[in-house]
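Colleague:
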Amino acid sequence: MKYKVKFADESVNVSKVHPLKEFATLIVGFSILLASILFIAISFVNIVAPLVPLKTEKAMFAGLKTTTVQENFYGLGRVSPNIKLKALVDKLAQHWPENPYDFSVAVLDSEILNAMAFPGGNIIVSQGLLDEVESENELAFVLAHEIGHFHNRDHLKSLGRGLLTSIILGVFGKSTESLSNVVGIVSTSSYSRKAEASADRFGLELVQAQYGNVSGSTDLFKKLSKNEHNSLVQRYTRSHPISKLRIQEMIDYAEKRNYSLTEKLLPKLIIQ
Amino acid sequence: MAQLIITLVLLLITFVTGNLIERRHYEKIKMRELGFINMLTTNFENIPFDWDASEARLVTSNIVISLDYFKRFVANLRKYFGGNIVTYEPLMDRARREAVLRLKEKAKARGYNAIINLRLDTSQIANSLTPKQTAGVEILAYGTAIKINYDIENKDSFATEDENRDDPVGIIG
Chain A
36 MKYKVKFADE SVNVSKVHPL KEFATLIVGF SILLASILFI AISFVNIVAP
86 LVPLKTEKAM FAGLKTTTVQ ENFYGLGRVS PNIKLKALVD KLAQHWPENP
136 YDFSVAVLDS EILNAMAFPG GNIIVSQGLL DEVESENELA FVLAHEIGHF
186 HNRDHLKSLG RGLLTSIILG VFGKSTESLS NVVGIVSTSS YSRKAEASAD
236 RFGLELVQAQ YGNVSGSTDL FKKLSKNEHN SLVQRYTRSH PISKLRIQEM
286 IDYAEKRNYS LTEKLLPKLI IQ
Chain B
389 MAQLIITLVL LLITFVTGNL IERRHYEKIK MRELGFINML TTNFENIPFD
439 WDASEARLVT SNIVISLDYF KRFVANLRKY FGGNIVTYEP LMDRARREAV
489 LRLKEKAKAR GYNAIINLRL DTSQIANSLT PKQTAGVEIL AYGTAIKINY
539 DIENKDSFAT EDENRDDPVG IIG
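So the protein lines, in turn, are chains A and B.
Counting from 1 along the first sequence, just add 35 to a position and that's the residue number in my numbering.
Counting from 1 along the second sequence, just add 388 to a position and that's the residue number in my numbering.
#1: When you compare the CB positions of Leu-191/A and Val-87/A, do they come within less than 9 Å of one another, or not?
#2: Return yes when the Cβ of Arg-460/B is within less than 9 Å of the Cβ of His-413/B, no when it is not.
#3: Give the straight-line distance between the Cα atoms of Gly-524/B and Leu-479/B, rounded to the nearest whole angstrom.
#4: Around the Cβ of Leu-422/B, are there at least 16 other Cβ atoms within 10 angstroms (buried) or fewer (exposed)?
#5: If the cut-off is 7 Å on Cβ atoms, which residues from the segment 471–494 of chain B count as contacting chain A, listed in chain order?
#6: Going by DSSP in three states, Met-151/A sits in which element: helix, strand or coil?
#7: Taking C-beta pairs closer than 7 Å, name the residues in chain B that Tyr-136/A reaches, listed in chain order.
#8: Mind checking if Asn-187/A is an interface residue toward chain B, Cβ cutoff 9 Å exclusive?
#9: Considering only DSSP beta bridges, list what Glu-526/B is partnered with.
#10: Could you tell me whether the Cβ of Ile-62/A comes closer than 9 Å to any Cβ of chain B?
#11: Could you list the residues in the segment 65–98 of chain A with a C-beta less than 8 Å from some C-beta on chain B, going in chain order?
#12: Taking only beta-carbon positions, decide if Val-218/A is within less than 9 Å of chain B.
#13: Check whether chain A comes within 9 Å of Arg-412/B, counting only Cβ atoms and requiring the distance to be less than that.
#14: By alpha-carbon positions, which one of Ile-435/B, Ala-441/B, Leu-398/B and Leu-455/B ends up nearest to Ile-409/B?
#15: Cβ closer than 9 Å: which chain A residues qualify as neighbours of Glu-421/B?
#16: Can you have a look at Glu-187/A and say buried or exposed, based on whether 16 or more other CB atoms are within 10 angstroms of its CB?
#17: When you check each C-beta in the segment 424–454 of chain B against every C-beta of chain A, which residues fall closer than 8 Å?
#18: Just to confirm my understanding: we take Ser-233/A, look at its own chain, exclude 5 residues before and 5 after, and list those with CB closer than 6 Å. What are they?
#19: Find the nearest neighbour of Ala-128/A within the set Gln-243/A, Leu-198/A and Lys-51/A, judged by alpha-carbon distance.
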């Protein structure tokens, strides 16, 4: 047998795809895969959550009460119930006939501008916000926005969304954790921003029903937008839309519904 | 956010170093392979009757190559879709060729000039902290090194020219 020396090309066993191209393709593919699964799951939540009766939701969260004076509310400060604020909230909520809640309204002893709606009919407004508002209308809009969260079932939706998202991200495992988290945050925060915008719209409706106009509703956001310097990344990872956009959306909505933004404002309420 | 940045930095660094190491290794492999084209290596279990061979000895060699972060990251994404794991292919290719080269070097160093019954074995080296993960891959190559007595005067027994173009692999002989 003869042995012929041949020099063969040994590189047939390697694909000619550049690893960076492979990397980019896979990142995009995986993001689309994960985002699609999240979209299906969250859409399911958004359809099912409103089907839960309001009374059932109220009963589910009946144990959560923020009206008791607490030493340190989640590390943010003391919480004290306020009758005058509750009176304003009740006035506004009258225009939502199906309201099942007897709202508990309290003031948080904190300088940071904040207003929160907690499950079970609890609304908290920070002292900082009360100091910042200059008219009754401005404050009324904030409270109406919080009532909007209860009307839109936002607590149930975000609970369901959070749970399903955690489970789905858990399925994908630790090895792709960093990418999954990014896709998860970007996907779910968009729903959060939509919920905020929707609560804004409901707030406008309540304020219009109570005062006959929506003047002063955008004032607080105008003040906030002065201090906001939002990067592109923040725009898509924040839970709230950036103030500039919020103001514009509210103005557009008011224009569409023919609500006036230019009427005279009522003087600031004395809350203390 | 911090986790994302660390991941990106790791990916960048390990891509660069991994790619560099791989390229250098390939250059060395190609050079050494050129030096060994005269050494007959087959996986025959028995030598053909017309060979004049003397002396036989078992030779083994192995190589262990580690998976870098970038390769593993890409493979972890690939597993959801299927298809070629493009980052692992050069790794396995390198490892195999290197193992065979080391085998040939060992055989040559001991005075043998051919290898028969070549076999390759692959095993995973597990990560010590997370045993389910692979830290590296080991290729073991083993075969019988033999000394073929080539008849130098009779040119027919050993041809080094690229005579037959329609027989590129050299099967017909």
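Glycine included, every Cβ here is placed at the ideal spot set by N, Cα and C.
Modeller: If we stick to the structure as given:
#1: Contact flag set, yes.
#2: Cβ distance not < 9 Å, so His-413/B and Arg-460/B don't count as in contact.
#3: Their backbone Cα atoms lie some 10 Å apart in a straight line.
#4: With fewer than 16 other Cβ atoms within 10 Å, it is exposed.
#5: The segment 471–494 of chain B vs chain A, Cβ under 7 Å: Asn-472, Val-474, Thr-475, Glu-477, Pro-478, Asp-481 and Arg-485.
#6: In the displayed model, Met-151/A falls within a strand according to three-state DSSP.
#7: By Cβ distance, chain B contributes nothing, its closest Cβ being about 37 Å from Tyr-136/A, past 7 Å.
#8: So no, Asn-187/A is outside the interface.
#9: Glu-526/B is bridged by DSSP to Val-452/B and Ser-511/B.
#10: By this cut-off, Ile-62/A is an interface position.
#11: Within the segment 65–98 of chain A, the residues whose Cβ lies closer than 8 Å to some Cβ of chain B are Phe-65 and Leu-68, listed in chain order.
#12: Output row for Val-218/A: interface = no.
#13: No, its Cβ sits nowhere closer than 9 Å to a Cβ of chain A.
#14: When only C-alpha atoms are compared, the closest one is Leu-455/B.
#15: Residues of chain A passing the Cβ test: Phe-42 and Glu-45.
#16: It should be pointed out that residue 187/A corresponds to Asn in this sequence rather than to Glu. When all chains shown are included, Asn-187/A counts as buried.
#17: Contact residues of the segment 424–454 of chain B toward chain A are Ile-425, Asn-426, Leu-428, Pro-436, Asp-438 and Trp-439 (C-beta to C-beta distance below 8 Å).
#18: The beta carbon of Ser-233/A sits closer than 6 Å to those of Asn-187, all from its chain and outside the five residues before and after it, given in chain order.
#19: For Ala-128/A, the closest C-alpha among the options Gln-243/A, Leu-198/A and Lys-51/A is that of Gln-243/A.
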